[in-house]
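K.L.:
Here the sequence shown stands for residues 1 to 338, numbered as in full-length UniProt numbering. Even for Gly, the Cβ is constructed at its ideal location relative to N, Cα and C.
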Amino acid sequence: MEEDANLNPYGRMMAAGVIKAQLVNRLLLQRARAQGQTRADLLAPIIVTGLPRTGTTFLHRLLAADPAHASLPYWQVRRPIPLNPQDTPEARLTEATAFLEVRRALTPELDGIHLIRPESPEECFWMTAQSMVSRLYWNLAPVHGYQRWVSRADKTAKYADYADQLRYLQGVYPGQRLVLKAPDHNDGIAELLAALPEAKVIITHRDMIEQMGSYFSLGRTTRILAVNAPDPAREAETIVDMTDVSLAKMDAVRSTHPDRILDVRYTDMMADPLATVERIYGFCGLSLAETRRAAIAQHHANNPKGKHGEHAYSLAEFGLDDEWVRARYAAYSATFVN
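1) Since residue 181 is in the alpha helix (DSSP H), which residue starts that stretch and which ends it?
2) Give a yes or no on contact between the stretch 232 to 249 and the stretch 185 to 196, applying the rule of three or more CB pairs nearer than 8 Å.
3) Answer yes or no: do residue 77 and residue 60 have a C-beta to C-beta separation smaller than 9 Å?
4) Residue 70 by DSSP, collapsed to three states: which one?
5) Determine whether the beta carbon atoms of residue 93 and residue 121 lie at a separation below 9 Å.
6) Judging by CA-CA distance, which residue of 74, 328, 335 and 290 is the nearest neighbour of residue 263?
7) Beta strand (DSSP E) containing residue 46: first to last residue?
8) Name the two residues that bound the continuous alpha helix (DSSP H) containing residue 12.
9) Per DSSP, what kind of secondary structure is residue 196 in: helix, strand or coil?
10) First and last residue of the beta strand (DSSP E) that includes residue 264?
11) Three-state secondary structure (DSSP) at residue 121?
12) Identify every residue that forms a DSSP beta bridge with residue 205.
13) Would residue 182 pass as a contact of residue 125 if the rule is Cβ separation under 9 Å?
14) So, is residue 158 buried or exposed, given that buried needs 16 or more other C-beta atoms within 10 angstroms?
15) Straight-line CA distance for residue 5 to residue 178?
16) Less than 8 Å between the CB atoms is what I'm expecting for residue 295 and residue 171, so what's the real figure, rounded?
17) In three-state DSSP terms, what is residue 337?
18) Quick one: using the 10 Å Cβ neighbour count with 16 as the cut-off for buried, is residue 291 buried or exposed?
19) When the Cα atoms are used, what is the spatial distance from residue 316 to residue 223?
20) Pairing CB atoms from the stretch 231 to 248 with CB atoms from the stretch 319 to 332, are three or more of them under 8 Å?
21) For residue 245, name the three-state secondary structure that DSSP assigns.
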């Protein structure tokens, strides 16, 4: 953070706070293990991943609308295991609400890119971050060298911790299937599947020009307050590296676990969300009862695209052009996007 990210005073304070909070979460997990709280049998969780900005949030929140599922709200993924008896869900909700109010005041445009509310389902890289091998830190600040290391690092210990957190949370939600989401998983699916033999993984795919432009824009929005001088060209280099490694790792694991990984196209999700959900349920061996279907359909009707603002972006702002991206990812796109 100090040597690579060019943090300003606010960025330094923010980074220190997040790292401290994640170290606390790490200690809380050790305590929960020692107290026998991480031994619940998991109902096979459904985990959505893919490259960032490929519809993972859209799909996750669709699946989370099923009342038979348990998704983790923002207040809970920030600190899944309470500090003490006084650290109730209500107390953690109050804390998360205060944090998000400040964040919205500083970056109101984020609502149109990635909506976060205290009680809405949120991605679980807040949980994997306690391993210190997580994309969360790249989202906070442009730690280029660290992120290149993360992309290639062994993640066995990371997913052993993640699996125990899910077992703890299964005890909080008995009888409900956990539905989770994070692009952070896309360079660690092999280790995730080894740690969670019950899990089914859904990988989303989107046109690479749209995906990259959207991800560059999101990163600029989340990191701009933390650094003295943003460097869009260098950020683009790191993101291309992350993308290349992630695609290679996802491709390598897909052939060895065909019964546990399902690929879903963004265009199919947008064209017919309920048909996509039905396909996922069939893959997971689940039935979509009418009451569950109705809940998912109602969620979709209540949350149309653009409800919280439109998201405009351009690759040119980051020194890339459409043809370069199209050529670099032509083989991937031919297989999974087109």
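P.N.:
This is what the structure gives:
1) Indexing the sequence shown from 1 puts residue 181 at position 181. Premise fails: residue 181 lies in the beta strand (DSSP E), 177 to 181, not in any alpha helix (DSSP H).
2) yes
3) For the purposes of this step, residue 77 is taken as the residue at position 77 of the sequence shown. For the purposes of this step, residue 60 is taken as the residue at position 60 of the sequence shown. Not a contact, by the Cβ cut-off of 9 Å.
4) Counted from its first residue, the sequence shown places residue 70 at position 70. Of the three classes helix, strand and coil, the one that applies to residue 70 here is strand, per DSSP.
5) Numbered from 1 along the sequence shown, position 93 holds the residue referred to as residue 93. Numbered from 1 along the sequence shown, position 121 holds the residue referred to as residue 121. No, these two residues do not count as a Cβ contact at 9 Å.
6) Counted from its first residue, the sequence shown places residue 263 at position 263. For the residues 74, 328, 335 and 290, the minimum Cα distance to residue 263 belongs to 335.
7) Reading the sequence shown from its first residue, position 46 is the one you call residue 46. Run containing residue 46: 46 to 50, per the beta strand (DSSP E) assignment.
8) In the sequence shown, the residue the question calls residue 12 occupies position 12. It spans 9 to 34 - the alpha helix (DSSP H) in which residue 12 sits, taken as one unbroken run.
9) Within the sequence shown, numbered from 1, the residue matching residue 196 stands at position 196. Coil, per DSSP.
10) In the sequence shown, the residue the question calls residue 264 occupies position 264. That run of the beta strand (DSSP E) goes 261 to 265.
11) Counting from one through the sequence shown, the residue named residue 121 turns up at place 121. DSSP places residue 121 in strand when its eight states are reduced to three.
12) As a first step, residue 205 is located in the sequence shown; it is residue number 205 there, counting from the start. Beta-bridge pairing links residue 205 to 265.
13) Position 182 of the sequence shown, counting from 1, holds the residue named residue 182. Position 125 of the sequence shown, counting from 1, holds the residue named residue 125. Yes, the Cβ-Cβ distance between residue 182 and residue 125 is below 9 Å.
14) Here residue 158 is taken as the residue at index 158 of the sequence shown, counted from 1. Under this definition residue 158 is a buried residue.
15) As a first step, residue 5 must be located in the sequence shown, where it is residue number 5. As a first step, residue 178 must be located in the sequence shown, where it is residue number 178. Between residue 5 and residue 178, the C-alpha separation is close to 35 Å.
16) In the sequence shown, counting from the first residue as 1, residue 295 sits at position 295. In the sequence shown, counting from the first residue as 1, residue 171 sits at position 171. Going by Cβ atoms, the distance from residue 295 to residue 171 rounds to 24 Å, so no, they are not a contact pair.
17) Translated into positions along the sequence shown, residue 337 becomes position 337. Coil.
18) Counting from one through the sequence shown, the residue named residue 291 turns up at place 291. Exposed, by the Cβ-count rule.
19) Mapped onto the sequence shown, residue 316 falls at position 316. Mapped onto the sequence shown, residue 223 falls at position 223. Cα-Cα distance, rounded: 19 Å.
20) yes
21) Mapped onto the sequence shown, residue 245 falls at position 245. In this structure, residue 245 counts as helix in the three-state DSSP scheme.
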